[in-house]
Amino acid sequence: MEHIIRQNNALDIYEDYFADIEVEGTDEPPSAKTINVFRDPNEYKRTATHISWFPDGPRKLAIAYCNLEFQRSPTDICHDSYIWDVENPNKPEMTLKPVSPLVCIEYNPKDSHILLGGCYNGQVAYWDVRKGSQPVEMTPVEHSHRDPAYKTVWLQSKTGSECFSASTDGQVLWWDTRKFSEPFESMILDPTKKQDLTKSQGSMALEYEPTMPTKFMVGTEQGSIFTCNRKAKTPAEKIVSVYPGHHGPVYSLQRNPFFPKNFLSVGDWTARIWSEDIRESSIMWTKYHTAYLTDGCWSPTRPAVFYTTRMDGTLDIWDFLFKQNDPTLSIQVCDDPLMSLRAQDQGKLIACGSQQGTATLLELSEGLIQLQRNEKSLVTAMFERETRREKILEARHREMKLKERTKSKGAAEKEDDEKEEDYDEEDLVGKAEADFFDTIEHAVKCSRKGR
(Lines of atoms letter the chains of each structure in order from A and count residues from 1; the text may use other names and numbers.)
(Lines give C-alpha, C1' and ligand atoms only; values in the text may rest on other atoms or scores of the structure.)
Protein backbone atom coordinates (compact mmCIF):
# COMPACT_ATOMS: atom_id res chain seq x y z
CA MET A 1 0.00 0.00 0.00
CA GLU A 2 2.79 2.41 0.98
CA HIS A 3 4.59 1.60 -2.29
CA ILE A 4 1.48 2.58 -4.34
CA ILE A 5 1.04 5.88 -2.41
CA ARG A 6 4.69 6.76 -3.05
CA GLN A 7 4.23 5.90 -6.73
CA ASN A 8 1.20 8.24 -6.92
CA ASN A 9 3.18 11.05 -5.31
CA ALA A 10 6.07 10.53 -7.71
CA LEU A 11 3.91 10.58 -10.85
CA ASP A 12 1.42 13.18 -12.06
CA ILE A 13 -1.56 10.94 -12.74
CA TYR A 14 -3.43 13.87 -14.38
CA GLU A 15 -0.66 14.73 -16.85
CA ASP A 16 -1.76 15.14 -20.48
CA TYR A 17 0.96 13.39 -22.49
CA PHE A 18 -0.29 14.52 -25.90
CA ALA A 19 -1.05 18.21 -25.25
CA ASP A 20 1.57 19.42 -27.78
CA ILE A 21 0.39 17.20 -30.62
CA GLU A 22 -1.88 18.93 -33.12
CA VAL A 23 -5.14 17.21 -33.97
CA GLU A 24 -5.27 16.50 -37.67
CA GLY A 25 -8.32 17.84 -39.53
CA THR A 26 -10.80 15.10 -40.30
CA ASP A 27 -11.43 14.17 -43.93
CA GLU A 28 -15.13 13.50 -43.37
CA PRO A 29 -17.45 15.58 -45.59
CA PRO A 30 -19.14 18.56 -43.87
CA SER A 31 -22.55 17.70 -42.44
CA ALA A 32 -25.19 18.82 -39.97
CA LYS A 33 -27.90 16.88 -38.18
CA THR A 34 -31.13 18.06 -36.55
CA ILE A 35 -31.05 17.63 -32.76
CA ASN A 36 -34.40 19.13 -31.78
CA VAL A 37 -37.32 21.19 -33.07
CA PHE A 38 -39.08 23.77 -30.88
CA ARG A 39 -42.56 24.81 -32.04
CA ASP A 40 -44.60 27.85 -31.07
CA PRO A 41 -47.17 26.29 -28.68
CA ASN A 42 -49.92 28.71 -29.75
CA GLU A 43 -52.64 27.86 -32.24
CA TYR A 44 -51.89 30.94 -34.36
CA LYS A 45 -48.22 30.51 -35.36
CA ARG A 46 -45.96 33.56 -35.13
CA THR A 47 -42.52 34.15 -36.62
CA ALA A 48 -39.48 33.22 -34.50
CA THR A 49 -37.93 36.66 -35.03
CA HIS A 50 -34.86 36.38 -32.79
CA ILE A 51 -32.85 33.78 -30.86
CA SER A 52 -30.46 34.23 -27.92
CA TRP A 53 -28.32 31.49 -26.38
CA PHE A 54 -27.92 31.06 -22.61
CA PRO A 55 -24.47 32.57 -21.83
CA ASP A 56 -23.35 29.79 -19.43
CA GLY A 57 -23.31 26.84 -21.82
CA PRO A 58 -25.60 25.38 -24.52
CA ARG A 59 -28.40 24.40 -22.11
CA LYS A 60 -31.13 26.93 -22.95
CA LEU A 61 -32.20 29.35 -25.63
CA ALA A 62 -34.61 32.28 -25.53
CA ILE A 63 -36.79 32.83 -28.60
CA ALA A 64 -38.77 35.98 -29.43
CA TYR A 65 -42.04 35.42 -31.29
CA CYS A 66 -43.79 38.19 -33.21
CA ASN A 67 -46.00 38.52 -36.28
CA LEU A 68 -44.36 41.31 -38.27
CA GLU A 69 -47.24 41.45 -40.80
CA PHE A 70 -49.31 43.55 -38.42
CA GLN A 71 -52.22 44.07 -40.81
CA ARG A 72 -52.83 40.32 -40.94
CA SER A 73 -52.61 39.77 -37.19
CA PRO A 74 -55.77 38.79 -35.35
CA THR A 75 -56.68 41.09 -32.47
CA ASP A 76 -56.43 38.36 -29.82
CA ILE A 77 -52.95 37.15 -30.88
CA CYS A 78 -50.69 35.85 -28.08
CA HIS A 79 -47.79 38.15 -27.04
CA ASP A 80 -45.74 35.51 -25.18
CA SER A 81 -42.13 34.55 -25.90
CA TYR A 82 -40.34 31.56 -24.40
CA ILE A 83 -37.16 30.16 -22.88
CA TRP A 84 -36.55 26.56 -23.96
CA ASP A 85 -34.42 23.77 -22.48
CA VAL A 86 -32.50 22.36 -25.47
CA GLU A 87 -33.26 18.79 -24.34
CA ASN A 88 -37.00 19.33 -23.89
CA PRO A 89 -38.83 20.54 -27.01
CA ASN A 90 -42.26 19.53 -25.66
CA LYS A 91 -42.82 22.43 -23.28
CA PRO A 92 -41.09 25.79 -22.73
CA GLU A 93 -39.07 26.07 -19.52
CA MET A 94 -40.37 29.59 -18.95
CA THR A 95 -42.84 32.04 -20.50
CA LEU A 96 -42.02 35.74 -20.90
CA LYS A 97 -45.11 38.00 -20.93
CA PRO A 98 -44.47 41.40 -22.54
CA VAL A 99 -47.23 43.98 -23.10
CA SER A 100 -46.39 43.98 -26.82
CA PRO A 101 -44.86 41.06 -28.83
CA LEU A 102 -41.05 40.81 -28.67
CA VAL A 103 -39.18 41.45 -31.92
CA CYS A 104 -35.78 40.66 -30.36
CA ILE A 105 -34.38 39.22 -27.14
CA GLU A 106 -30.89 39.10 -25.60
CA TYR A 107 -29.39 37.39 -22.55
CA ASN A 108 -27.13 39.59 -20.42
CA PRO A 109 -23.62 38.13 -20.94
CA LYS A 110 -22.67 39.11 -17.35
CA ASP A 111 -25.81 37.79 -15.65
CA SER A 112 -27.65 34.83 -17.17
CA HIS A 113 -30.81 35.59 -15.14
CA ILE A 114 -31.37 38.90 -16.95
CA LEU A 115 -32.88 39.24 -20.44
CA LEU A 116 -33.48 42.34 -22.57
CA GLY A 117 -36.21 42.58 -25.19
CA GLY A 118 -37.29 45.03 -27.90
CA CYS A 119 -41.06 45.22 -28.35
CA TYR A 120 -43.21 45.69 -31.45
CA ASN A 121 -44.64 48.95 -30.06
CA GLY A 122 -41.11 50.42 -29.66
CA GLN A 123 -40.70 49.88 -25.91
CA VAL A 124 -37.69 48.11 -24.40
CA ALA A 125 -38.20 45.72 -21.46
CA TYR A 126 -36.02 43.60 -19.22
CA TRP A 127 -36.69 40.45 -17.22
CA ASP A 128 -35.13 38.78 -14.21
CA VAL A 129 -36.14 35.12 -14.51
CA ARG A 130 -35.92 34.77 -10.71
CA LYS A 131 -38.80 37.26 -10.41
CA GLY A 132 -41.22 35.54 -12.78
CA SER A 133 -42.72 35.96 -16.25
CA GLN A 134 -43.60 39.65 -16.06
CA PRO A 135 -40.98 42.24 -17.06
CA VAL A 136 -39.19 43.92 -14.15
CA GLU A 137 -39.46 47.28 -15.92
CA MET A 138 -40.29 48.77 -19.31
CA THR A 139 -39.28 52.04 -20.93
CA PRO A 140 -42.10 54.64 -20.96
CA VAL A 141 -43.98 54.84 -24.27
CA GLU A 142 -43.34 58.59 -24.59
CA HIS A 143 -39.54 58.11 -24.40
CA SER A 144 -39.40 54.88 -26.43
CA HIS A 145 -39.11 54.23 -30.17
CA ARG A 146 -42.00 55.14 -32.47
CA ASP A 147 -41.54 51.94 -34.53
CA PRO A 148 -40.68 48.34 -33.54
CA ALA A 149 -37.39 48.05 -31.61
CA TYR A 150 -35.73 45.64 -34.07
CA LYS A 151 -32.46 45.23 -32.18
CA THR A 152 -31.33 45.51 -28.56
CA VAL A 153 -27.74 44.94 -27.45
CA TRP A 154 -26.04 44.83 -24.03
CA LEU A 155 -23.08 47.21 -23.70
CA GLN A 156 -19.71 46.43 -22.17
CA SER A 157 -19.94 48.35 -18.86
CA LYS A 158 -18.77 48.00 -15.27
CA THR A 159 -22.33 47.67 -13.99
CA GLY A 160 -23.52 45.29 -16.72
CA SER A 161 -26.79 47.24 -16.79
CA GLU A 162 -26.26 49.44 -19.86
CA CYS A 163 -27.75 48.62 -23.26
CA PHE A 164 -28.87 50.25 -26.49
CA SER A 165 -31.65 49.78 -29.00
CA ALA A 166 -32.33 50.63 -32.64
CA SER A 167 -35.56 50.97 -34.59
CA THR A 168 -36.99 51.80 -37.99
CA ASP A 169 -37.95 55.20 -36.55
CA GLY A 170 -34.36 56.28 -37.34
CA GLN A 171 -33.12 56.53 -33.74
CA VAL A 172 -30.55 54.73 -31.62
CA LEU A 173 -31.26 55.04 -27.87
CA TRP A 174 -29.01 54.15 -24.92
CA TRP A 175 -30.55 52.84 -21.68
CA ASP A 176 -29.57 51.87 -18.16
CA THR A 177 -31.80 49.21 -16.61
CA ARG A 178 -31.28 50.86 -13.19
CA LYS A 179 -33.02 53.99 -14.55
CA PHE A 180 -35.36 52.96 -17.35
CA SER A 181 -37.47 56.14 -17.22
CA GLU A 182 -35.65 57.76 -20.16
CA PRO A 183 -32.65 57.12 -22.44
CA PHE A 184 -29.39 58.61 -21.19
CA GLU A 185 -28.18 59.17 -24.77
CA SER A 186 -29.68 59.23 -28.28
CA MET A 187 -28.64 59.51 -31.89
CA ILE A 188 -30.47 60.08 -35.17
CA LEU A 189 -29.32 58.04 -38.18
CA ASP A 190 -29.17 60.97 -40.58
CA PRO A 191 -26.58 60.38 -43.37
CA THR A 192 -26.30 64.18 -43.90
CA LYS A 193 -24.95 64.36 -40.28
CA LYS A 194 -27.39 67.17 -39.40
CA GLN A 195 -29.35 65.02 -36.90
CA ASP A 196 -32.55 65.70 -38.86
CA LEU A 197 -35.19 63.07 -38.01
CA THR A 198 -37.05 63.68 -41.29
CA LYS A 199 -33.94 62.58 -43.24
CA SER A 200 -33.05 59.65 -40.97
CA GLN A 201 -32.82 56.02 -42.10
CA GLY A 202 -34.60 53.25 -40.19
CA SER A 203 -32.42 50.63 -38.51
CA MET A 204 -32.85 46.87 -38.95
CA ALA A 205 -29.50 45.57 -37.62
CA LEU A 206 -27.01 46.50 -34.87
CA GLU A 207 -23.43 45.34 -34.41
CA TYR A 208 -21.45 45.84 -31.20
CA GLU A 209 -18.10 44.27 -30.36
CA PRO A 210 -17.27 44.37 -26.60
CA THR A 211 -13.53 44.63 -27.35
CA MET A 212 -14.24 47.93 -29.17
CA PRO A 213 -16.61 49.54 -26.62
CA THR A 214 -16.95 52.98 -28.25
CA LYS A 215 -17.65 51.71 -31.78
CA PHE A 216 -20.84 50.25 -33.17
CA MET A 217 -22.44 49.66 -36.57
CA VAL A 218 -26.00 50.03 -37.85
CA GLY A 219 -27.64 48.41 -40.90
CA THR A 220 -30.58 50.37 -42.31
CA GLU A 221 -33.83 49.75 -44.22
CA GLN A 222 -32.37 51.66 -47.18
CA GLY A 223 -29.43 49.23 -47.44
CA SER A 224 -26.73 51.51 -46.01
CA ILE A 225 -24.28 50.55 -43.26
CA PHE A 226 -23.32 53.24 -40.74
CA THR A 227 -20.12 52.97 -38.69
CA CYS A 228 -20.42 55.11 -35.58
CA ASN A 229 -18.34 56.33 -32.65
CA ARG A 230 -20.36 56.76 -29.49
CA LYS A 231 -17.75 58.98 -27.77
CA ALA A 232 -17.59 61.63 -30.52
CA LYS A 233 -17.72 65.25 -29.29
CA THR A 234 -20.79 66.30 -31.29
CA PRO A 235 -23.84 64.28 -32.49
CA ALA A 236 -22.84 64.93 -36.12
CA GLU A 237 -19.39 63.37 -35.54
CA LYS A 238 -20.93 60.17 -34.17
CA ILE A 239 -21.50 58.92 -37.74
CA VAL A 240 -17.95 58.14 -38.90
CA SER A 241 -18.73 56.72 -42.34
CA VAL A 242 -21.51 55.27 -44.49
CA TYR A 243 -21.04 52.16 -46.65
CA PRO A 244 -23.26 51.61 -49.72
CA GLY A 245 -24.34 48.17 -48.44
CA HIS A 246 -27.22 46.37 -50.18
CA HIS A 247 -30.15 46.90 -52.58
CA GLY A 248 -32.62 46.29 -49.75
CA PRO A 249 -32.72 46.29 -45.93
CA VAL A 250 -29.61 45.06 -44.08
CA TYR A 251 -30.89 42.22 -41.88
CA SER A 252 -27.64 41.20 -40.22
CA LEU A 253 -24.28 42.75 -39.32
CA GLN A 254 -21.42 41.08 -37.48
CA ARG A 255 -17.68 41.61 -37.12
CA ASN A 256 -15.44 38.60 -37.65
CA PRO A 257 -14.59 37.31 -34.12
CA PHE A 258 -10.96 36.76 -35.18
CA PHE A 259 -10.49 39.83 -37.44
CA PRO A 260 -12.73 42.68 -36.12
CA LYS A 261 -11.72 45.02 -38.98
CA ASN A 262 -13.68 42.77 -41.34
CA PHE A 263 -17.44 42.41 -41.00
CA LEU A 264 -20.28 40.44 -42.57
CA SER A 265 -23.51 41.98 -43.82
CA VAL A 266 -26.62 40.17 -45.08
CA GLY A 267 -29.33 41.77 -47.21
CA ASP A 268 -31.11 41.43 -50.58
CA TRP A 269 -29.85 38.26 -52.32
CA THR A 270 -26.24 38.30 -51.07
CA ALA A 271 -23.96 38.17 -48.06
CA ARG A 272 -20.97 40.54 -48.21
CA ILE A 273 -17.67 40.79 -46.37
CA TRP A 274 -16.31 44.30 -45.84
CA SER A 275 -13.07 45.88 -44.70
CA GLU A 276 -13.16 49.05 -42.60
CA ASP A 277 -10.48 50.52 -44.90
CA ILE A 278 -12.63 50.29 -48.06
CA ARG A 279 -15.81 52.35 -48.09
CA GLU A 280 -16.79 52.15 -51.75
CA SER A 281 -17.53 48.43 -51.97
CA SER A 282 -17.26 45.08 -50.18
CA ILE A 283 -14.08 43.00 -50.58
CA MET A 284 -15.87 39.64 -50.98
CA TRP A 285 -19.44 38.54 -51.60
CA THR A 286 -21.55 35.47 -52.27
CA LYS A 287 -23.34 34.85 -55.54
CA TYR A 288 -26.83 36.31 -56.02
CA HIS A 289 -29.32 33.71 -54.80
CA THR A 290 -32.77 33.17 -56.26
CA ALA A 291 -34.29 33.46 -52.76
CA TYR A 292 -33.97 36.48 -50.46
CA LEU A 293 -31.44 36.22 -47.61
CA THR A 294 -32.83 36.91 -44.12
CA ASP A 295 -30.01 36.49 -41.55
CA GLY A 296 -26.37 35.49 -41.13
CA CYS A 297 -23.53 35.14 -38.64
CA TRP A 298 -19.87 34.09 -38.37
CA SER A 299 -18.74 30.80 -36.89
CA PRO A 300 -17.42 31.50 -33.35
CA THR A 301 -14.61 28.95 -33.78
CA ARG A 302 -13.47 29.28 -37.42
CA PRO A 303 -12.60 32.64 -39.09
CA ALA A 304 -13.35 31.42 -42.64
CA VAL A 305 -16.83 30.00 -41.92
CA PHE A 306 -20.15 31.83 -41.81
CA TYR A 307 -23.82 30.90 -42.06
CA THR A 308 -26.79 32.43 -43.91
CA THR A 309 -30.53 31.69 -43.97
CA ARG A 310 -32.88 32.11 -46.94
CA MET A 311 -36.55 32.65 -47.64
CA ASP A 312 -36.82 29.19 -49.23
CA GLY A 313 -36.05 27.50 -45.89
CA THR A 314 -32.38 26.76 -46.65
CA LEU A 315 -29.41 27.16 -44.29
CA ASP A 316 -26.14 27.76 -46.18
CA ILE A 317 -22.77 27.09 -44.56
CA TRP A 318 -19.90 28.89 -46.31
CA ASP A 319 -16.21 28.04 -45.95
CA PHE A 320 -14.23 30.58 -47.99
CA LEU A 321 -11.03 28.55 -47.64
CA PHE A 322 -12.70 25.55 -49.26
CA LYS A 323 -14.68 27.33 -52.01
CA GLN A 324 -15.98 30.83 -52.64
CA ASN A 325 -18.58 30.48 -55.39
CA ASP A 326 -20.92 28.07 -53.63
CA PRO A 327 -21.78 27.08 -50.05
CA THR A 328 -19.81 24.20 -48.56
CA LEU A 329 -23.07 22.79 -47.26
CA SER A 330 -26.73 23.67 -47.96
CA ILE A 331 -29.44 22.21 -45.74
CA GLN A 332 -33.17 22.38 -46.40
CA VAL A 333 -34.18 22.96 -42.78
CA CYS A 334 -37.91 23.39 -43.49
CA ASP A 335 -40.37 24.43 -46.21
CA ASP A 336 -41.14 27.77 -44.55
CA PRO A 337 -38.91 30.87 -44.83
CA LEU A 338 -36.10 30.94 -42.24
CA MET A 339 -36.08 34.34 -40.50
CA SER A 340 -33.49 34.12 -37.69
CA LEU A 341 -30.20 32.40 -36.97
CA ARG A 342 -27.83 32.15 -34.00
CA ALA A 343 -24.69 30.07 -33.45
CA GLN A 344 -23.80 28.92 -29.94
CA ASP A 345 -20.43 30.21 -28.64
CA GLN A 346 -18.77 26.78 -28.72
CA GLY A 347 -19.58 26.55 -32.45
CA LYS A 348 -21.15 23.09 -32.44
CA LEU A 349 -24.83 24.09 -32.31
CA ILE A 350 -26.88 26.41 -34.55
CA ALA A 351 -30.51 27.44 -34.03
CA CYS A 352 -32.70 28.64 -36.95
CA GLY A 353 -36.12 30.23 -36.53
CA SER A 354 -38.83 30.04 -39.20
CA GLN A 355 -41.79 32.20 -40.23
CA GLN A 356 -44.18 29.61 -38.78
CA GLY A 357 -42.57 29.78 -35.31
CA THR A 358 -40.46 26.62 -35.59
CA ALA A 359 -36.91 26.78 -34.20
CA THR A 360 -34.64 23.99 -35.44
CA LEU A 361 -31.51 23.04 -33.51
CA LEU A 362 -28.67 21.62 -35.63
CA GLU A 363 -25.36 20.01 -34.67
CA LEU A 364 -22.42 20.55 -37.03
CA SER A 365 -19.72 18.04 -37.95
CA GLU A 366 -16.21 18.42 -36.49
CA GLY A 367 -14.73 19.73 -39.75
CA LEU A 368 -16.95 22.82 -39.58
CA ILE A 369 -16.02 23.51 -35.94
CA GLN A 370 -12.32 22.75 -35.54
CA LEU A 371 -9.81 25.38 -36.57
CA GLN A 372 -7.93 24.10 -39.62
CA ARG A 373 -4.14 24.11 -39.94
CA ASN A 374 -2.83 27.64 -40.78
CA GLU A 375 -6.44 28.85 -41.13
CA LYS A 376 -5.84 32.18 -39.38
CA SER A 377 -2.82 33.07 -41.52
CA LEU A 378 -4.59 31.97 -44.72
CA VAL A 379 -7.69 34.05 -43.91
CA THR A 380 -5.47 37.04 -43.02
CA ALA A 381 -3.71 36.72 -46.38
CA MET A 382 -7.06 36.38 -48.19
CA PHE A 383 -8.59 39.47 -46.54
CA GLU A 384 -5.42 41.52 -47.15
CA ARG A 385 -5.25 40.44 -50.80
CA GLU A 386 -8.91 41.28 -51.45
CA THR A 387 -8.59 44.61 -49.62
CA ARG A 388 -5.53 45.49 -51.71
CA ARG A 389 -7.35 44.53 -54.91
CA GLU A 390 -10.37 46.69 -54.01
CA LYS A 391 -8.06 49.62 -53.17
CA ILE A 392 -6.45 49.36 -56.63
CA LEU A 393 -9.88 49.17 -58.30
CA GLU A 394 -11.12 52.09 -56.22
CA ALA A 395 -8.09 54.21 -57.16
CA ARG A 396 -8.55 53.30 -60.84
CA HIS A 397 -12.27 54.13 -60.67
CA ARG A 398 -11.45 57.49 -59.06
CA GLU A 399 -8.86 58.20 -61.75
CA MET A 400 -11.33 57.39 -64.55
CA LYS A 401 -13.99 59.63 -62.97
CA LEU A 402 -11.45 62.46 -62.71
CA LYS A 403 -10.46 62.02 -66.37
CA GLU A 404 -14.10 62.02 -67.41
CA ARG A 405 -14.77 65.14 -65.36
CA THR A 406 -11.73 66.89 -66.85
CA LYS A 407 -12.78 65.82 -70.35
CA SER A 408 -16.37 67.05 -69.89
CA LYS A 409 -15.04 70.30 -68.38
CA GLY A 410 -12.70 70.77 -71.36
CA ALA A 411 -15.55 70.08 -73.80
CA ALA A 412 -17.75 72.61 -72.01
CA GLU A 413 -14.99 75.25 -72.10
CA LYS A 414 -14.41 74.60 -75.83
CA GLU A 415 -18.14 75.00 -76.48
CA ASP A 416 -18.13 78.30 -74.57
CA ASP A 417 -15.12 79.54 -76.62
CA GLU A 418 -16.86 78.62 -79.88
CA LYS A 419 -19.96 80.47 -78.74
CA GLU A 420 -17.82 83.50 -77.87
CA GLU A 421 -16.12 83.33 -81.30
CA ASP A 422 -19.51 83.12 -83.03
CA TYR A 423 -20.66 86.04 -80.96
CA ASP A 424 -17.52 88.07 -81.86
CA GLU A 425 -18.01 87.35 -85.59
CA GLU A 426 -21.64 88.44 -85.42
CA ASP A 427 -20.57 91.64 -83.64
CA LEU A 428 -17.96 92.41 -86.31
CA VAL A 429 -20.43 91.83 -89.17
CA GLY A 430 -23.01 94.01 -87.48
CA LYS A 431 -20.44 96.74 -86.85
CA ALA A 432 -19.24 96.60 -90.46
CA GLU A 433 -22.81 96.86 -91.72
CA ALA A 434 -23.50 99.83 -89.45
CA ASP A 435 -20.28 101.56 -90.60
CA PHE A 436 -21.16 100.87 -94.25
CA PHE A 437 -24.64 102.39 -93.94
CA ASP A 438 -23.27 105.35 -91.97
CA THR A 439 -20.77 106.03 -94.77
CA ILE A 440 -23.45 105.85 -97.48
CA GLU A 441 -25.74 108.10 -95.48
CA HIS A 442 -22.92 110.62 -94.98
CA ALA A 443 -22.08 110.52 -98.72
CA VAL A 444 -25.75 111.10 -99.64
CA LYS A 445 -25.97 114.07 -97.29
CA CYS A 446 -22.81 115.60 -98.77
CA SER A 447 -24.04 115.23 -102.35
CA ARG A 448 -27.33 116.95 -101.46
CA LYS A 449 -25.46 119.88 -99.90
CA GLY A 450 -23.34 120.22 -103.10
CA ARG A 451 -26.47 120.59 -105.18
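Here my numbering = 1-based position in the sequence shown + 3. Heads up, the beta-carbon is just placed ideally off N, CA and C, and yes, glycines get one too.
What number of angstroms, rounded off, separates the C-alpha of residue i from the C-alpha of residue j?
{"i": "P112", "j": "K410", "result": "58 angstroms"}
{"i": "A437", "j": "I443", "result": "10 angstroms"}
{"i": "K36", "j": "R62", "result": "18 angstroms"}
{"i": "L176", "j": "K197", "result": "17 angstroms"}
{"i": "E90", "j": "S147", "result": "37 angstroms"}
{"i": "S103", "j": "Y291", "result": "36 angstroms"}
{"i": "E378", "j": "M385", "result": "10 angstroms"}
{"i": "T312", "j": "Y68", "result": "18 angstroms"}
{"i": "F262", "j": "E46", "result": "44 angstroms"}
{"i": "D322", "j": "P143", "result": "45 angstroms"}
{"i": "D59", "j": "P151", "result": "29 angstroms"}
{"i": "Q335", "j": "K404", "result": "45 angstroms"}
{"i": "Y85", "j": "E387", "result": "43 angstroms"}
{"i": "G32", "j": "D348", "result": "Sequence check: residue 32 is Pro here, not Gly. Rounded to whole angstroms, P32 to D348 spans 23 angstroms at the Cα level."}
{"i": "D339", "j": "R42", "result": "13 angstroms"}
Looking at the secondary structure, which residues open and close the alpha helix (DSSP H) in which residue i lies?
{"i": "E5", "result": "5-13"}
What three-state label does DSSP hand residue i in the structure shown?
{"i": "R305", "result": "coil"}
{"i": "V132", "result": "helix"}
{"i": "K36", "result": "strand"}
{"i": "L396", "result": "helix"}
{"i": "A51", "result": "strand"}
{"i": "F187", "result": "coil"}
{"i": "E109", "result": "strand"}
{"i": "V382", "result": "helix"}
{"i": "D315", "result": "coil"}
{"i": "I80", "result": "coil"}
{"i": "E366", "result": "strand"}
{"i": "V175", "result": "strand"}
{"i": "M97", "result": "strand"}
{"i": "D338", "result": "coil"}
Tell me which residues share the same chain as residue i and place their Cβ nearer than 6 angstroms to its Cβ, disregarding the 5 neighbours each side in the sequence.
{"i": "D271", "result": "H249, H250, G251"}
{"i": "S34", "result": "S368"}
{"i": "Q137", "result": "K100"}
Considering residue i, what are the terminal residues of the beta strand (DSSP E) in which it resides?
{"i": "K218", "result": "218-223"}
{"i": "D64", "result": "Reading off the sequence, residue 64 comes out as Leu, not Asp. Its beta strand (DSSP E) spans residues 63-69."}
{"i": "E165", "result": "165-169"}
{"i": "E206", "result": "According to the sequence shown, residue 206 is Ser rather than Glu. From DSSP, the beta strand (DSSP E) with S206 extends over 206-210."}
{"i": "Q373", "result": "No beta strand (DSSP E) contains Q373, which DSSP labels as neither H nor E."}
{"i": "M342", "result": "341-346"}
{"i": "S160", "result": "No beta strand (DSSP E) holds S160; DSSP gives it neither H nor E."}
{"i": "I353", "result": "352-357"}
Near residue i, what residues of its chain come up, given a Cβ to Cβ distance below 7 angstroms and the 5 sequence neighbours on each side ignored?
{"i": "A381", "result": "Checking the sequence shown, residue 381 turns out to be Leu, not Ala. L324, listed in sequence order."}
{"i": "K234", "result": "T217"}
{"i": "E210", "result": "F219, M220, L256, Q257, R258, F266"}
{"i": "G163", "result": "N111, K113, D114"}
{"i": "C337", "result": "G316, S357, T361, T363"}
Tell me which same chain residues have a C-beta within less than 8 angstroms of the C-beta of residue i, skipping the five on either side of it?
{"i": "S227", "result": "P194, Q204, V245, Y246, P247, G248, V253"}
{"i": "W288", "result": "T273, A274, R275, I276"}
Next on the checklist: Please give the ranges of any beta strand (DSSP E) in the region 233-297, keeping only runs that are unbroken, at least 3 residues long and fully inside the region.
Outcome noted: 242-246, 253-258, 265-270, 273-278
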